[in-house]
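Here is the structure we will look at.
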Amino acid sequence: TQPANESLKPQRVHFQSRNFHNILHWQPGRACLGNNSVYFVQYKIRVEKKQRWGQESVCPEGDTKCLMIKVLLKLNASCKHGHKLEHTTTCSSYPSSAIKELRFLSFSVSRYGERQWKNKENCWGIQEFFCDLTNETSDIWEPYYGRVRTTLAGIHSGWTMTQRFTPWWETKIDPPVMSITQVNESLLVNLHAPNLPYRDQKGGNVSMEYYELVYRVFVINNSLEKERKVYEGAHRLVEIKVLSPHSGYCVVAEIYQPMLDRKSQRSRERCVASP
Numbered sequence: 287t288q289p290a291n292e293s294l295k296p297q298r299v300h301f302q303s304r305n306f307h308n309i310l311h312w313q314p315g316r317a318c319l320g321n322n323s324v325y326f327v328q329y330k331i332r333v334e335k336k337q338r339w340g341q342e343s344v345c346p347e348g349d350t351k352c353l354m355i356k357v358l359l360k361l362n363a364s365c366k367h368g369h370k371l372e373h374t375t376t377c378s379s380y381p382s383s384a385i386k387e388l389r390f391l392s393f394s395v396s397r398y399g400e401r402q403w404k405n406k407e408n409c410w411g412i413q414e415f416f417c418d419l420t421n422e423t424s425d426i427w428e429p430y431y432g433r434v435r436t437t438l439a440g441i442h443s444g445w446t447m448t449q450r451f452t453p454w455w456e457t458k459i460d461p462p463v464m465s466i467t468q469v470n471e472s473l474l475v476n477l478h479a480p481n482l483p484y485r486d487q488k489g490g491n492v493s494m495e496y497y498e499l500v501y502r503v504f505v506i507n508n509s510l511e512k513e514r515k516v517y518e519g520a521h522r523l524v525e526i527k528v529l530s531p532h533s534g535y536c537v538v539a540e541i542y543q544p545m546l547d548r549k550s551q552r553s554r555e556r557c558v559a560s561p
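Okay, structure coming up:
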C-alpha cells in the first residue's frame, strides 16, 4: 500500500488557457473521497538570460521562445522580399505587431534558471479544484509551472507539478461573436473578437485584435448543402452580396492567428432566409 500522503497527492494538475485566461486545474487524490480536503497552490516563472538570437540560431531543446522568434524572423524576411506566406493569402494579413514583439523578444531567449516558488494567496487552503493564475502568468511568452498539494485531517501530501506552460503557445482562441443584418439581397456580418484578460489605461477591455487577427467567413446554402468561403481578412464588418431569392443561408466564422498559425473553432451558425 502507498503511504497516506502519496494517496492524497492531487492528480492531473494542468493549465487550461482560453484567450490568455490561464486557469490551473486538478483532481483530488485517491484518498480524498470526501469534501474535507483543502488545497494549496504555488507557481513560478522560468527566468531567462538576455541574449540576441537570429533566424539561423540553433535553439536549445525545448526553448519555445527561441523557436517562435525564428518563425517570426522567417515570416518577416518573407514579407520584406515580397514572398507569399505559406498559410495566408498575402503579406497584408501578416501582423505588424510582430515587429514590436521581435524588438523585445530577440534580446531574451536563453535559459538561465528558475525563480523560487510563490504562494498564490487566493488559492491557499481552498476546497475548489481550480485556481485562476491569469495575473501571475501575464507575460505570455514566458514558461511557467504550477503545483498543488493537499491537506486532510492534518496529513500533508507531496506536491504535484504541471508540465511547463507557455501561454503564447498553449492558449486556445474562442470563435468570434457574430451578428447579421439582412439588407435587400445582401448580408452585413459584424464580427467581434474575444477579449483579453487585461485592461487598457482607461479601464476598458482589451480585444484579442491587439494581435491583428484574420477573420474567415463562410456561407452555407441550405438547399444546395454547399459551403464557400466568402471573406478572409482583418475587417470586422463584412458584406455578403448577391443572395439567391427564396433560399436559406447559414453563416459561420472563425479566427485565424497568423503569428501562431492557429485558428479558433467556428462560431455558431446564424441562419437567414432571403426574400
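Add 286 to the 1-based position in the sequence shown for my numbering, that's all there is to it.
Glycine is no exception: its CB is placed at the ideal position from the N, C-alpha and C atoms.
Just so we're clear, the structure is a prediction, and the values are computed from it rather than from any experiment.
Taking the beta carbon of His478 as the centre, do at least 16 other beta carbons fall within 10 Å, making it buried, or is it exposed? Under the 10 Å beta carbon count, His478 is surrounded by fewer than 16 other beta carbons and is classified as exposed.
For Ser378, I'd like the list of residues in its chain whose CB is within less than 6 Å of its CB, leaving aside the five on either flank, ordered along the chain. At Ser378, the pLDDT of 43 sits below 50, so the modelled position is not reliable and the matter cannot be decided from this model.
Taking C-alpha atoms, which residue in Glu525, Asn508, Trp403 and Ile441 lies nearest to Leu473? Measuring from the Cα of Leu473, the nearest candidate turns out to be Glu525.
Determine, using beta carbons only, whether Gln564 and Trp403 come nearer to each other than 8 Å. It is not possible to answer for residue 564, since the shown part of the chain is limited to 287 through 561.
Please report the distance separating the alpha-carbon of Pro561 from that of Val500. Cα to Cα, Pro561 sits roughly 31 Å from Val500.
Taking just the CA atoms, how far does Leu482 sit from Ser443? If you take the alpha carbons of Ser443 and Leu482, they lie about 35 Å apart.
Looking at C-alpha atoms only, which residue of Tyr542, Lys295 and Pro429 is the closest neighbour of Gly567? A query on residue 567 cannot be resolved here, the shown segment of the chain reaching from 287 to 561 and no further.
Sequence-distant residues of the same chain with beta carbon closer than 6 Å to Phe451, five excluded per side: Excluding its 5 nearest sequence neighbours in each direction, Phe451 has C-beta neighbours in its own chain below 6 Å: Phe301 and Tyr430, listed in chain order.
Under 8 Å by Cβ, that's how I've got Ile459 and Ser550 pegged, so tell me the actual separation to the nearest angstrom. Right, the Cβ-Cβ distance comes to about 4 Å (below 8 Å), so this counts as a contact.
Which of helix, strand or coil does DSSP assign to Asn291? Asn291 falls in the helix class under three-state DSSP.
For Phe306 and Ile412, believed in contact at Cβ under 8 Å, the rounded distance: About 23 Å; that fails the 8 Å criterion.
Selected residue, minimal CA-CA separation from Asn508, among Cys557, Tyr484 and Leu438: Across the set Cys557, Tyr484 and Leu438, the C-alpha of Cys557 shows the shortest separation from the C-alpha of Asn508.
Identify, in the order they occur along the chain, each residue of the same chain with its Cβ nearer than 7 Å to the Cβ of Pro462, setting aside the five sequence neighbours on each side. Within the same chain, and ignoring the five residues on either side of Pro462 in sequence, the residues whose Cβ sits closer than 7 Å to its Cβ are Leu477, His478, Ala479, Tyr501, Ala539, Ile541 and Ser553.
Pick out whichever of Gly519, Val537, Ile331 and Phe326 has its Cα sitting closest to the Cα of Ser424. With distances taken between Cα atoms, Ser424 lies closest to Ile331.
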